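Undergrad: In our numbering, the protein residues as written are 6 to 273. Even glycine gets a Cβ: it sits at the ideal position worked out from N, Cα and C. Small disclaimer: the values here were computed from a predicted structure and weren't measured.
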Ligand SMILES: [Zn+2]
Ligand SMILES: [Zn+2]
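1) By DSSP, does residue 18 sit in helix, in strand, or in coil?
2) Figure out for me which residue from 129, 200, 221 has the closest Cα to the Cα of residue 173.
3) Report buried or exposed for residue 258, applying the criterion of at least 16 other Cβ atoms within 10 angstroms of its Cβ.
4) Compute the Euclidean distance between the alpha carbons of residue 170 and residue 137, then round it to the nearest angstrom.
5) Would you kindly report the start and end of the unbroken alpha helix (DSSP H) that includes residue 86?
6) Taking 8 Å as the cut-off, is the beta-carbon of residue 42 closer than that to any non-hydrogen atom of ligand 2?
7) Considering only the alpha carbon of each residue, which of 98, 182, 157 lies closest to residue 202?
8) Is residue 239 a contact residue of ligand 2, with contact defined as CB to any heavy atom under 8 Å?
9) Quick one: what does DSSP say residue 110 is sitting in, helix, strand or coil?
10) If you count every other CB in all the chains shown that lies within 10 Å of the CB of residue 161, and 16 or more means buried, which is it?
11) Give the range of the alpha helix (DSSP H) segment to which residue 319 is assigned.
12) In three-state terms, what does DSSP make of residue 121?
13) CB residue 11 to CB residue 209, shorter than 9 Å?
14) For residue 200, report the span of its beta strand (DSSP E) as first-last.
15) Return the first residue and the last residue of the beta strand (DSSP E) that residue 271 is part of.
16) Should residue 265 be labelled buried (16 or more other beta-carbon atoms within 10 Å of its own) or exposed?
17) Do the CB positions of residue 263 and residue 106 come within less than 9 Å of each other?
18) Sorry if obvious, but does the Cβ on residue 108 come closer than 8 Å to a heavy atom of ligand 2?
19) Pull the bridge partners of residue 40 from the DSSP assignment, please.
20) If you reduce the DSSP assignment to three classes, tell me which class residue 216 lands in.
Following this line, the structure appears as structure tokens:
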């Protein structure tokens, strides 16, 4: 069964998809279940765009949609929450227990935007990668209200470097990744396999890379969701069948969906 657990709708200012079109497309391409995961980024360090959601309106809209599609398509109330060390209390309050599924993502590091490249100034490439992972580690140590970490090696997408090595090529990065995985696994949380890794840039891998997925499995990681990170309906479910095969080849046996932030396992 196919589950797209990372979809942006009209509640995200950078998405072109309406909820109606998302549901129609999900049925058309045979998705068994979707999670709508719109952006909520507190203190996002890019003044050109604001990722803010009126929570009550969002939840009410998704509940109406669940009613409308009852028996035809399972729709989960999700969120892609931008995490940063200094906003953890605000994130905790916002998320509460209102959502089925929360992706904890990192778009801003040390109060600097990754997308504009500002964060990378003053760091070598590996220093920047390590600093990014240190913030991820701090947040997974100190924040509880999420289900999976989103696009874990997204840092490789930014900084305009001519070569983009895998994070597992650096010993310090591997140590940080292992610490992150130990915490996630201990707390019953997981990571997502984000297939925008294939359609953005020259990706042969999803995000995170297969090397990181291998490391997660070695550490005992089992909780894994699949998400297209679609900002347009044509991206929904992108390369999911190939991704299932990749995960099976790596040795994974289950994919996860969530209900009220509790994982449910499905054989791949
Ligand atoms: Zn994201
Ligand atoms: Zn996203």
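TA: This is what the structure holds:
1) coil
2) 221
3) exposed
4) 15 Å
5) That residue, residue 86, is in no alpha helix (DSSP H); its beta strand (DSSP E) goes 79–87.
6) yes
7) 157
8) no
9) strand
10) buried
11) Outside the displayed span of the chain (6 to 273) sits residue 319, for which this structure offers no information.
12) coil
13) no
14) No beta strand (DSSP E) holds residue 200; DSSP gives it neither H nor E.
15) 267–272
16) exposed
17) yes
18) yes
19) 81
20) helix
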